[in-house]
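In the working numbering, the protein residues as written are 357 to 709. What follows is one structure encoded as structure tokens, with my remarks underneath.
Here you go:
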């Protein structure tokens, strides 16, 4: 049976908002008779579309958006795959193509994809015309499961997502909150937030009588971004001796954020997650900035920076965990657990030479 491509386009992704025009029509021209293009505005629509793709026999899914669009395609797709389970086994995920349609696109870059969705679709359609199947690049995901506290005190809800990189707490998590306050998220915005973070650390060393001369906006920025996250954390079943984290994060692949920040070096090895659980002062974080930016080992007495098979975190009574997964912000988890997810097969399209 000939391959068929299912394309999901997100009109709200960074590049699609700026692009304008009829994006759906552009994608339909690129894929021709070899695919189905659907524009989705919410998760209910996305779920229906992915069921449609399974019914139609789509063995390739293309994500026309950024890392956030890909996150929802994978997470909802994983739910749909389990809903379509046969004899207790989830339906297999098709080949996935992440395109460069967002602000950072770290997953597409990791897979070596440099073109837009239209470029990828043309290559895929041409390979189908020739009766060829492109070689694949395999990338590991993680699966994060947990419970979210209801705002009104009602029953907790289950939480289940796939992803590649998560800032669970501390500076890493608040970095993304600050980053997404910028009108344009790019390398310049990343550098701006990093520089402000270092400035905030320096403010912490200013004698109290002189702090009144520091602009209140800078003091507030420093207090917000360096507020530690409190949690009970276990790595591979071993509880950490500290419960206050300057930063807590995990990744299933090594990533490069906008050519500025590189992290999760251990996850460059297939099948290995990299966890970082860091407890130190704000000045200690700033002193480690070269290591954070370059992805080299982070030093400190209360630091775990290495491979892990499973990370479990439990929020304190009355508190919550608010992880960022692949740039998407989530709030109100009472507990979470991260372990290996399915390995994705990504066709080698639009490869950097």
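Glycine included, each C-beta is placed from N, C-alpha and C at the ideal position.
{"query": "The stretch 635 to 651 touching the stretch 663 to 673, judged by at least three CB pairs closer than 8 Å", "result": "no"}
{"query": "Sequence-distant residues of its chain with Cβ nearer than 6 Å to residue 672 (five each side left out)", "result": "586"}
{"query": "Proximity below 8 Å, CB of residue 609 to CB of residue 466", "result": "yes"}
{"query": "The stretch 378 to 386 / the stretch 403 to 414 touching (three or more Cβ pairs under 8 Å)", "result": "no"}
{"query": "8 Å Cβ shell around residue 618 - same chain, five flanking residues per side excluded", "result": "610, 611, 612, 649, 650, 651"}
{"query": "Nearest to residue 527 (by Cα), restricted to the options 595, 485, 455, 583", "result": "583"}
{"query": "Cβ contact check for the stretch 469 to 477 and the stretch 408 to 423: 3 or more pairs under 8 Å", "result": "yes"}
{"query": "C-beta contact flag for residue 515 and residue 499 at 8 Å", "result": "no"}
{"query": "Option nearest residue 707 by Cα separation, candidates 433, 464, 426, 674", "result": "464"}
{"query": "Per-residue burial, residue 427 [other beta carbons within 10 Å of its own, 16 or more giving buried]", "result": "buried"}
{"query": "Ranges of the beta strand (DSSP E) found wholly within the stretch 589 to 639, counting only runs of at least 3", "result": "603 to 607, 611 to 613, 617 to 619, 629 to 635"}
{"query": "Rounded C-alpha distance that separates residue 684 from residue 657", "result": "31 Å"}
{"query": "Residue 522, DSSP secondary structure in three states", "result": "strand"}
{"query": "Ordered list of alpha helix (DSSP H) runs contained in the stretch 407 to 471, each at least 4 residues", "result": "423 to 439, 462 to 466"}
{"query": "Beta bridge counterpart(s) of residue 527 as assigned by DSSP", "result": "DSSP output for residue 527 lists no bridge partner at all."}
{"query": "Cβ distance (whole Å) where residue 629 is taken to contact residue 696 below 8 Å", "result": "7 Å"}
{"query": "Rounded separation between residue 566 and residue 605 - CA only", "result": "Bear in mind that the predicted position of residue 566 carries a pLDDT of just 46, short of 50, making it unreliable; the figure below should be weighed with that in mind. Taking the straight line from one Cα to the other gives about 34 Å."}
{"query": "Status (buried if at least 16 other CB within 10 Å, exposed otherwise) for residue 365", "result": "buried"}
{"query": "First and last residue of the uninterrupted alpha helix (DSSP H) at residue 384", "result": "379 to 387"}
{"query": "Nearest residue (CA-CA) to residue 675, options 689, 663, 662", "result": "689"}
{"query": "Nearest-angstrom beta carbon gap, residue 638 and residue 494 [assumed within contact, 8 Å]", "result": "At roughly 39 Å, the Cβ-Cβ gap does not stay under 8 Å, so residue 494 and residue 638 are not in contact."}
{"query": "Buried/exposed call for residue 601, threshold 16 Cβ in 10 Å", "result": "buried"}
{"query": "Pair within 8 Å by beta-carbon distance, residue 390 and residue 455", "result": "no"}
{"query": "Element boundaries [alpha helix (DSSP H), containing residue 649]", "result": "645 to 650"}
{"query": "Residue 562 versus residue 448: straight-line alpha-carbon distance, rounded", "result": "Residue confidence is low: residue 562 scores 49 on pLDDT, short of 50, so the model does not pin down where it sits. Its coordinate-derived value is still stated next. When rounded, the distance between both Cα atoms is 57 Å."}
{"query": "Residue 423 beta carbon less than 8 Å from that of residue 462", "result": "yes"}
{"query": "Which of helix, strand or coil DSSP assigns to residue 480", "result": "helix"}
{"query": "Rounded C-alpha distance that separates residue 607 from residue 439", "result": "27 Å"}
{"query": "Residue 490 beta carbon less than 8 Å from that of residue 387", "result": "no"}
{"query": "Cβ shell of residue 468 (< 6 Å), same chain only, five flanking positions each side left out", "result": "707, 708"}
{"query": "Cα-Cα separation, residue 412 to residue 597", "result": "52 Å"}
{"query": "Cβ pair residue 379, residue 703 closer than 8 Å", "result": "no"}
{"query": "Option nearest residue 616 by Cα separation, candidates 647, 636, 592, 625", "result": "647"}
{"query": "Boundaries (first-last residue) of the beta strand (DSSP E) holding residue 690", "result": "689 to 703"}
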